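The structure appears below as structure tokens.
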Amino acid sequence: MEKVAAVRYYKSEGLVLGHHDLRDADRLVTVLTPEEGKVGAVAKGARRPRSKLAASVQPLTQACFMFYRGRSLDTITQAEVVNSFRPLRRDLDRLTHAAYAAELAGEVARERDPASELYRLLVATWEALASADLGDLEVITRRFELGLLQVAGYCPTLDGCSGCGKRLGPFLFSPEAGGLVCPACMGVQKGIEVDEGTIASMKAMLRLPPGRVRVLKLGEVSSRHIGRCLEACIVYRLERRPRSLAALAELRRLRGK
Ligand SMILES: [Zn+2]
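If you count the sequence shown from 1, position 18 lands on 1248 in our numbering, and the numbers rise without skipping.
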């Protein structure tokens, strides 16, 4: 009996993607972990002012958790903050970008399915978003989108036409075809226009970690073109528009971009 009980507890670092209020001051928390993938867990009494769990289950927090494996939902029995990423919650721009990344990670991760690469990508992205200049948030988010597609096995083809393999442009970009497509292969179907610079920038992004991608100094136009391609890929793969895309669009409008 004791052995069974021991197995039902497990310890893991995790990133809090979001939470919902439950009755009795409880909170249902969605956590991304490296070994268990996405975990839905109840944090009992986490809404009480003196709860020991309250700080650890805030969205956009990295913490070390002790979980108790339940039949449907797990329970968080202990937690200790590793990184509270406070700058992300103090600033609307950082918050909006970080919440978008959290939503996408939650969409791609599956329960009980290891997600160590995605975990590392999200930590690096939150770290970069917390410390970067505000002007670099867009490029960090583009890098995250590309990394997310890569981790999920949907990295767009950027080396040549995904239909015939032709390596010389011009190309169009098609989420349905999986990346670049030459006009002949595209036929009458519609693609997104991309120029050489946009393609080169996307390739360069993949070679840089999120914390360094700002060295690319993408212009606003290039960043917008890349954004259009990656957003289309994400919407196509998820089969819906992420909710936080609207918040990102509103933020760009506020900032006059
Ligand atoms: Zn082709």
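Positions of the beta carbon are idealized from the N, C-alpha and C atoms, including for glycine. Note that the structure is predicted; figures quoted are calculated from it, not measured.
Local Cβ density within 10 Å of residue i, reported as buried at 16 or more and exposed below that
i, result
"L1398", "exposed"
"M1231", "With a pLDDT of 47 at M1231, under the threshold of 50, the predicted position of this residue should be treated as unreliable, though the coordinate-derived value follows. Exposed is the call here."
"K1282", "exposed"
"L1450", "Reading the sequence as shown, one finds Glu at residue 1450 and not Leu. Exposed."
"P1405", "buried"
"A1430", "exposed"
"A1271", "buried"
"L1484", "exposed"
"Q1288", "buried"
"Q1419", "exposed"
"P1400", "exposed"
"G1421", "buried"
"A1414", "exposed"
"P1279", "exposed"
"L1460", "buried"
"R1471", "exposed"
"L1364", "exposed"
"E1375", "buried"
Helix, strand or coil at residue i [DSSP, three-state]
i, result
"M1231", "Caution applies to M1231, whose pLDDT of 47 falls short of 50 and renders its modelled position unreliable; the value that the coordinates give is listed next. DSSP places M1231 in coil when its eight states are reduced to three."
"Q1380", "helix"
"T1428", "helix"
"F1401", "coil"
"A1271", "strand"
"G1409", "strand"
"E1357", "helix"
"V1311", "strand"
"T1326", "helix"
"T1371", "helix"
"E1423", "strand"
Beta-carbon proximity check, residue i vs residue j, cutoff 8 Å
i, j, result
"L1410", "C1391", "yes"
"A1273", "D1256", "yes"
"A1354", "G1441", "yes"
"T1305", "F1297", "yes"
"A1339", "S1314", "no"
"V1443", "M1435", "yes"
"R1324", "S1453", "no"
"L1478", "L1352", "no"
"L1481", "T1326", "yes"
"V1369", "L1446", "yes"
"A1335", "L1318", "no"
"V1259", "E1341", "no"
"Q1292", "E1243", "yes"
"K1396", "C1412", "yes"
"L1378", "L1367", "no"
"L1290", "A1332", "yes"
Bridge partner(s) assigned by DSSP for residue i
i, result
"H1249", "V1259"
"K1241", "M1296"
"E1341", "G1267 and K1268"
"D1304", "A1271"
"A1284", "BP columns for A1284 are empty, so no partner."
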